[in-house]
Amino acid sequence: MKKIFYVLLCATMLSSCASLTRVSVYPKMYEERPLAIAVMPPINKTNNVESKEFLYITLPQSLCERGYYVLSPFLSMELFRSESAYDAELFEESPLTRFQEILGADAVLFTTIHSWEKNALLSTVTVSIEYKLRSTKTNETIFHRKGTIVYDASVKVSGGGLAGALVGMAASAISTATTDYVKVASACNNAALADIPEGKYSPNYDKDKEVRAEPKEFRKTIK
Numbered sequence: 010m011k012k013i014f015y016v017l018l019c020a021t022m023l024s025s026c027a028s029l030t031r032v033s034v035y036p037k038m039y040e041e042r043p044l045a046i047a048v049m050p051p052i053n054k055t056n057n058v059e060s061k062e063f064l065y066i067t068l069p070q071s072l073c074e075r076g077y078y079v080l081s082p083f084l085s086m087e088l089f090r091s092e093s094a095y096d097a098e099l100f101e102e103s104p105l106t107r108f109q110e111i112l113g114a115d116a117v118l119f120t121t122i123h124s125w126e127k128n129a130l131l132s133t134v135t136v137s138i139e140y141k142l143r144s145t146k147t148n149e150t151i152f153h154r155k156g157t158i159v160y161d162a163s164v165k166v167s168g169g170g171l172a173g174a175l176v177g178m179a180a181s182a183i184s185t186a187t188t189d190y191v192k193v194a195s196a197c198n199n200a201a202l203a204d205i206p207e208g209k210y211s212p213n214y215d216k217d218k219e220v221r222a223e224p225k226e227f228r229k230t231i232k
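Take the sequence shown: its position 146, counting from 1, is numbered 155 in my numbering, and each next residue is one higher.
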């Protein structure tokens with residue numbers, strides 16, 4: 010009986026995993042079909058002040074590559090300031106109808122930087138970012154993912170022995186210190202938004218409903 014129960018449990022789990030398609034995980038995306046997206050300034054919960062800028066300037070391209078029209082961040086920023094909306098924290102759970110009325114946005118993307126850490130000893134830069142897309146019509150969250158990207162900045166140096174190891178450590182430390190953080194932010198955006206249903210300007214628009222949905226929370230290492 011135990012073996013039969015185990016087989017049935019495995020079959021149920023496999024069936025459940027197989028049913029996790031984009032349309033089943035993000036049904037509101039296909040119902041509302043957002044076209045224009047406004048990107049809010051990231052919410053930064055780290056001590057790395059610059060990380061907010063790195064993330065903000067890389068978000069539009071990642072969304073455009075998925076087939077969406079992104080409202081100009083620079084023009085939007087001026088409006089945010091005039092409307093006292095620069096602090097995204099104030100709007101993360103508030104009604105968003107004004108964004109539709111003034112900007113014509115169908116949805117607003119909120120991002121939260123939970124961690125941005127550089128480890129010279131391990132030669133890594135680790136960032137954890139949460140993405141939340143909310144509808145300006147219903148105020149509901151229609152897409153939500155959280156990703157952790159580990160950027161490996163280690164450098165391999167030819168030659169063995171203690172001298173080679175020391176040279177390798179020094180080279181890795183320099184590489185970590187001079188890491189292109191725009192590249193790290195962009196990698197996290199691309200990985201997280203790779204699972205968002207394709208927008209109207211993508212050739213795969215409305216053709217990806219049965220594509221298997223990836224986990225809403227993930228961790229990935231890049232080199």
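The beta-carbon is built from N, C-alpha and C at its ideal position, and this holds for glycine as well.
- Judged by DSSP in its simplified three-state form, Glu59 adopts coil rather than helix or strand.
- The criterion of a C-beta distance shorter than 9 angstroms is not satisfied by Thr67 and Val220.
- In this structure, the beta-carbon distance from Thr135 to Ile111 does not fall below 9 angstroms.
- Annotation for Asn199: no beta strand (DSSP E) segment contains it, though the alpha helix (DSSP H) segment containing it runs Tyr190 to Leu202.
- Val220 sits in coil when the DSSP states are folded into three classes, being neither helix nor strand.
- Excluding residues up to 5 positions away in sequence, Ala222 lie with their Cβ nearer than 7 angstroms to the Cβ of Val34 in the same chain.
- Secondary structure in the stretch 79 to 163: the alpha helix (DSSP H) runs of 4 residues or longer, each lying completely within the stretch, are 82 to 91 and 106 to 112 in chain order.
- Per DSSP, Glu226 is one residue of the beta strand (DSSP E) stretching across Glu226 to Ile231.
- The C-beta distance from Thr133 to Asp115 rounds to 37 angstroms, too long to meet the 8 angstroms contact threshold.
- Taking the Cα of Ala196 as reference, the smallest distance to any Cα among Ser81, Glu101 and Gln70 is reached at Gln70.
- Using a 10 angstroms sphere on the CB of Phe83, the tally of other CB atoms stays under 16, which defines it as exposed.
- Counting along the chain, the unbroken beta strand (DSSP E) around Ile46 starts and ends at Ala45 to Val48.
- Judged by beta-carbon spacing, Tyr78 lies beyond the 9 angstroms limit of Ala129, meaning their Cβ atoms are not closer than that value.
- Rounded to the nearest whole angstrom, the C-alpha separation of Arg143 and Leu105 is 8 angstroms.
- When only Cα atoms are considered, Thr145 and Ala97 end up about 15 angstroms apart.
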